[in-house]
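Under the numbering used here, think of the first position of the sequence shown as 3, with each following residue one higher. Backbone N, C-alpha and C define an ideal beta-carbon position, used for all residues, glycine too. If you're wondering where the values come from, they're calculated on a predicted model, not measured in any experiment. The structure appears below as structure tokens.
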Amino acid sequence: MSIQQKISPAWYEEWFESEYYHILYNARGRRDAKLFLDNLNSYLKLYSKQQILDLACGRGRHVNYLASIGLSVTGIDLSAPSIIYAKKNATNNASFYIHDMREPFGDNSYQIILNLFTSFGYFEDIKDNIKVITNISNALTLHGKFILDYFNPNYLKQHLVKQEIKKTNDITFHIKKNIQDNFVYKFIKFKDKGKDFMFTERVMLIELEQIKCWFSDMNLQLVEVFGNYHLDPYCSNTSQRMIVIAEKC
Ligand SMILES: C[S@@+](CC[C@H](N)C(=O)[O-])C[C@H]1O[C@@H](n2cnc3c(N)ncnc32)[C@H](O)[C@@H]1O
């Protein structure tokens, strides 16, 4: 049986709803979010009258930071436990809803839409990616901006760490990664309280050219690409991130 067949098509529901996802990525917190958003804010010059959407907001670390500096921000995410957590910890001007990004989420409603920390490329069927981009385009106002923070597929292919062990909160995560059929697979195994667990992440390798094509079909014009959270220029060989800024035209 191939590895792909063992993976639940809705792996992203199981994994992101699990407390273990938040334990493994606990270094990706508010401080991390602040660094990136302060740089993004200097570039975009956000202001309080704008409506901002964080698409796939998780527990709301980006939403709450932006709301804490006086911006109006909505976060949506598929994971009910994440949205419940986000609502409990919400700052003023922050609202949160459970929502699947494949379903429409607005019409001419937002000046800014964010999709951060690789919250795209999970679906097996490419049509679902296109649905999401269509929804983003429809939800943006004219000249509104979409910010996609994705990994750089070329850098990932060249620097793939095939095996690693991460210890956090008394849990030892054994992680294996490989690339198959244009997806990067991450297999996460660990034991907790005597029980064995295994989760999988599977994310599509998407080239910048592909993103440009999808965007231009949906009236989204690429205006800038950055290569890291300091917003240094993107270089396809050396940048770890591929942070794409597009404008609705
Ligand atoms: C890698 S996490 C990042 C979360 C958040 N952006 C952050 O930086 O902390 C990806 C998020 O995408 C959400 N997600 C996955 N599939 C989704 C879907 N179909 N619609 C909305 N959110 C989804 C997950 O629940 C998870 O919270």
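Selection Arg204, Phe18, Gln160 evaluated against Ile85 yields Phe18 as nearest (Cα-Cα). Between the C-alpha atoms of Thr202 and Tyr23 there is a straight-line separation of about 11 Å.
At least one heavy atom of ligand 1 sits closer than 7 Å to the Cβ of Thr120. In the same chain as Arg104, and ignoring 5 residues on each side of it, the C-beta atoms closer than 8 Å to its own belong to Phe125, Asp130, Lys133, Val134, Asn137, in chain order.
The continuous stretches of beta strand (DSSP E) do not include Gln160, which lies in the alpha helix (DSSP H) extending over residues 155 to 160. Nearest to Asp40 by C-alpha distance, out of Leu68, Gln242, Asn91, is Leu68.
Lys179 is the residue among Ile173, Leu142, Lys179 whose C-alpha sits nearest the C-alpha of Gln160.
In this structure Ile114 is in contact with Gln52, their Cβ atoms being roughly 6 Å apart against a cut-off of 8 Å.
Counting other Cβ atoms within 10 Å of its Cβ, Asp79 reaches 16 or more and is therefore classed as buried. If you draw a 10 Å sphere on the C-beta of Ile167, you find fewer than 16 other C-beta atoms in it, and that means exposed. For Tyr14, the shortest separation between its Cβ and any heavy atom of ligand 1 lies below 7 Å. Per DSSP, reduced to three states, the secondary structure at Lys51 is coil, with no helix or strand assignment. Taking 8 Å as the upper bound for CB-CB distance, Phe192 and Phe199 are in contact here, some 5 Å apart. Thr174 is bridged by DSSP to Lys169. The Cβ neighbour count for Pro155, taken over all protein chains shown within 10 Å, is at least 16; the residue is labelled buried.
In this model, Tyr27 and Ala58 are separated by some 16 Å (Cα to Cα). Asn117 sits buried, since 16 or more C-beta atoms from the chains shown fall within 10 Å of its C-beta.
Proximity of the beta carbon of Arg104 to ligand 1 is indicated: a heavy atom of the ligand is located closer than 7 Å. With distances taken between CA atoms, Ile177 lies nearest to Leu162 out of Leu162, Tyr236, Asp183, Asn91. The DSSP-derived three-state label of Asp34 is helix. In the displayed model, Lys147 falls within a strand according to three-state DSSP. It is roughly 13 Å from the alpha-carbon of Gly77 to the alpha-carbon of Asn91.
If you ignore the 5 residues before and after Phe98, its C-beta comes within less than 8 Å of the C-beta of Cys59, Gly62, Val65, Thr76, Gly77, Ile78, Asp79, Ile85, Ala88, Lys89, Ala92, all in its own chain and listed in chain order. Ala82 and Ile100 do touch by the CB rule: their CB atoms are close to 5 Å apart, below 8 Å. Of the candidates Tyr45, Asn110, Phe175, Thr174, Asn110 places its Cα closest to the Cα of His145.
In summary, Val225 is exposed, with fewer than 16 beta-carbon neighbours lying within 10 Å of its beta-carbon over all protein chains present.
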